[in-house]
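Before any comments, here is the structure.
Protein chains: 2
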Amino acid sequence: MLPLYDLRGRVAVVVDILRATSSIVTALASGVTHVFPVAELAECQALGAQHGCLTAAERDGRAAEGFDLGNSPFGYLDGVLPVRGRAVAISTTNGTQALRRSLAADAVVVGAFLNLGAVVEFARAQQKDVVVVCAGWKGKFCLEDTVFGGALAERLADSFDVSSSDATLAALHLWQQAKGDLHGYLLQSAHVRRLNSLEANKDFAFCLRVDEYPAVLPIWREDRLVALQHEVARTL
Amino acid sequence: MLPLYDLRGRVAVVVDILRATSSIVTALASGVTHVFPVAELAECQALGAQHGCLTAAERDGRAAEGFDLGNSPFGYLDGVLPVRGRAVAISTTNGTQALRRSLAADAVVVGAFLNLGAVVEFARAQQKDVVVVCAGWKGKFCLEDTVFGGALAERLADSFDVSSSDATLAALHLWQQAKGDLHGYLLQSAHVRRLNSLEANKDFAFCLRVDEYPAVLPIWREDRLVALQHEVARTL
Numbered sequence: 001m002l003p004l005y006d007l008r009g010r011v012a013v014v015v016d017i018l019r020a021t022s023s024i025v026t027a028l029a030s031g032v033t034h035v036f037p038v039a040e041l042a043e044c045q046a047l048g049a050q051h052g053c054l055t056a057a058e059r060d061g062r063a064a065e066g067f068d069l070g071n072s073p074f075g076y077l078d079g080v081l082p083v084r085g086r087a088v089a090i091s092t093t094n095g096t097q098a099l100r101r102s103l104a105a106d107a108v109v110v111g112a113f114l115n116l117g118a119v120v121e122f123a124r125a126q127q128k129d130v131v132v133v134c135a136g137w138k139g140k141f142c143l144e145d146t147v148f149g150g151a152l153a154e155r156l157a158d159s160f161d162v163s164s165s166d167a168t169l170a171a172l173h174l175w176q177q178a179k180g181d182l183h184g185y186l187l188q189s190a191h192v193r194r195l196n197s198l199e200a201n202k203d204f205a206f207c208l209r210v211d212e213y214p215a216v217l218p219i220w221r222e223d224r225l226v227a228l229q230h231e232v233a234r235t236l
Numbered sequence: 001m002l003p004l005y006d007l008r009g010r011v012a013v014v015v016d017i018l019r020a021t022s023s024i025v026t027a028l029a030s031g032v033t034h035v036f037p038v039a040e041l042a043e044c045q046a047l048g049a050q051h052g053c054l055t056a057a058e059r060d061g062r063a064a065e066g067f068d069l070g071n072s073p074f075g076y077l078d079g080v081l082p083v084r085g086r087a088v089a090i091s092t093t094n095g096t097q098a099l100r101r102s103l104a105a106d107a108v109v110v111g112a113f114l115n116l117g118a119v120v121e122f123a124r125a126q127q128k129d130v131v132v133v134c135a136g137w138k139g140k141f142c143l144e145d146t147v148f149g150g151a152l153a154e155r156l157a158d159s160f161d162v163s164s165s166d167a168t169l170a171a172l173h174l175w176q177q178a179k180g181d182l183h184g185y186l187l188q189s190a191h192v193r194r195l196n197s198l199e200a201n202k203d204f205a206f207c208l209r210v211d212e213y214p215a216v217l218p219i220w221r222e223d224r225l226v227a228l229q230h231e232v233a234r235t236l
């Protein structure tokens, strides 16, 4: 749907709750200096070889072979591989593509339940229209990204018009149905069932924690995502 | 989104509640023999001139100049223009395009709240996967078409799997929120507010009548939509 929206003059919030954007937020929260999102596995490996980045890659919901990390946020938390002070080149099925297609926006930031508060704060400070770019599953609608859009709309409803788009209204209504039991609600999702495994269930529960990292905002700068904590503080 | 879905082997239900598919159902229910859906206004006029069809056209929610009818279902009901036994060439902003893009399906039928029961009956008889093609507004999501998809999913849930697509689940949830007061719910829709006028409000209320024409199923045959009442009865 993205080509139907004009991103110029707007803030793009790119969302791939399971799991790309949740992992990117977790990476920056864990001391990763910056993230290179790339579309192709080969490009990801080349960045690793040339720049000494860690590499992280996933295809069809699984860790790809020959990379340092998969797409689990726990790769940045479990201490198996030291990540503090390192850069990471990351390639995922849906999230990376959504990010690279959003670069016409005035600002491109990464959203997840984990950093919802940071996204809200940034959007308020910018006072520009916000487009939530839901990565979805292979271009199709998915429930968890849409429900995140609804959560964001709810928090912004006091100072933004959230009723001028039917898509935003629908997302808001779905979030209102889901929020009492987000975990139970999203267990219905086809995408969640597709990821069903012990590792994925642990990831799933983690990715739904709202405001785990309320001050971590990954923002696009030139060719990479960096954390914006200080700039947000300065703007406000 | 349509190019992401393979329609072969499936039934496509094309929906443009406000107002193309509601008007097509009403036309066939009112004795119109067949409907030619066309993309361009000029093609619509040419069909009128060459084949003696009535012509109906709408652009951006308003009746287009120089045509017999606009896009209101009341054009077929109010008796101003006799329609029984006539063919109609109809061109609308979104509905016609959605219809013509759905022709790869095994069967293409037209759905509206007005003929929901007929769509349900047909889908059950076919026992093929169903794709609900929501025309939307200029390619974008709109609430009323999605909510119709949810109503259809609810009625088919006893014999179809409605949980394998997140889009279907979301539509079902929105319908469940909406159905207690469909009119009030859809008054929030951006599209509905865009159509807001005396004539449009009357159309709007009419287009939400569930099962007004429970036996009228417009189906695509060669180059036109015809009513399928008898064939449905034969299949069952």
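Protein sequence lines correspond, in order, to chains A and B.
Reminder that position 186 of the first sequence reads as 186 in my numbering, one-by-one numbering, no gaps.
Reminder that position 138 of the second sequence reads as 138 in my numbering, one-by-one numbering, no gaps.
Yeah, the Cβ is synthetic: ideal placement off N, Cα and C, and Gly gets one too.
Exercise. Let me know if A:G149 comes out buried or exposed under the rule of 16 or more other beta-carbons within 10 Å of its beta-carbon.
Key: buried
Self-check item: Alpha carbon of A:T235 to alpha carbon of A:Q127, nearest angstrom
Solution: Summary for A:T235: the model assigns pLDDT 49, below 50, so the residue's position carries little reliability; its value from the coordinates is reported in the next sentence. Using only the alpha carbons, I get a separation of about 12 Å.
Quiz prompt | Of the listed residues A:G117, A:F36, A:V13 and A:A29, nearest to A:I90 (C-alpha basis) | solution = A:F36
Quiz item: In angstroms, rounded to a whole number, what distance separates the CA positions of A:Y185 and A:A205?
Solution: 12 Å
Quiz item: Quick one, are the C-beta atoms of A:F74 and A:T55 less than 8 Å apart?
Solution: no
Exercise. Mind checking which residues open and close the alpha helix (DSSP H) that includes B:S22?
Key: A20 to A29
Self-check item: Three-way DSSP call (helix, strand, coil) for A:G149 in this model
Solution: helix
Quiz prompt | Spatial neighbours of B:A63 in its chain, beta-carbon cut-off 6 Å, leaving aside the 5 residues before and after | solution = G70
Practice problem: Determine whether the Cβ of B:T146 lies closer than 8 Å to any Cβ atom of chain A. | Solution: yes
Self-check item: Secondary structure of A:G139, DSSP reduced to three states
Solution: coil
Self-check item: Cβ pair B:H191, B:C142 closer than 8 Å
Solution: yes
Quiz item: Measuring CA to CA, which of B:E65, B:A87, B:E40 and B:D106 is closest to B:D6?
Solution: B:D106
Quiz item: Applying a beta-carbon distance threshold of less than 8 Å, which residues of chain B neighbour A:G139?
Solution: M1 and L4
Quiz item: Counting only beta-carbon atoms, is B:L143 nearer than 8 Å to chain A?
Solution: yes
Quiz item: Out of curiosity, what's the CA-to-CA distance linking A:K179 and B:K179?
Solution: 21 Å
Self-check item: A:E121 versus A:G111 - alpha carbon distance
Solution: 12 Å
Quiz item: Is the distance from the Cβ of B:Q177 to the Cβ of A:L169 below 8 Å?
Solution: no
Exercise. Any chance you could list the beta strand (DSSP E) runs of at least 3 consecutive residues sitting entirely within the stretch 29-79 of chain A, in chain order?
Key: 34-37 and 54-59
Quiz item: Between B:A200 and A:E58, what straight-line distance do the alpha-carbon atoms span, to the nearest angstrom?
Solution: 49 Å
Self-check item: Contact between the stretch 19-37 of chain B and the stretch 94-108 of chain B (3+ Cβ pairs under 8 Å)
Solution: yes
Exercise. Kindly indicate if chain B contains any beta-carbon less than 8 Å away from that of A:R19.
Key: no
Quiz item: B:G31 and B:V83: beta carbons closer than 8 Å?
Solution: yes
Quiz item: Applying a beta-carbon distance threshold of less than 9 Å, which residues of chain A neighbour B:L169?
Solution: L143, Q188, S189 and A190
Quiz item: Hey, B:V14 and B:L116: beta-carbon distance below 8 Å or not?
Solution: no
Quiz item: Considering only the beta carbon of each residue, do A:A104 and A:R8 sit closer than 8 Å?
Solution: yes
Exercise. For B:D166, return the contacting residues in chain A, with the cut-off set at a CB-CB distance below 7 Å.
Key: F141, C142, L143, S189, A190 and H191
Practice problem: Kindly list, in the order they appear in chain A, the residues whose Cβ is closer than 8 Å to that of B:L174. | Solution: A170, H173 and L174
Quiz item: With distances taken from CA atoms, which of A:R193, A:A167, A:R209 and A:S163 is nearest A:L182?
Solution: A:R209
Quiz item: Which residue comes first and which comes last in the alpha helix (DSSP H) that contains A:V119?
Solution: L116 to Q126
Quiz item: What are the boundary residues of the beta strand (DSSP E) that A:G180 is part of?
Solution: Segment: none, A:G180 is in no beta strand (DSSP E) and carries neither H nor E.
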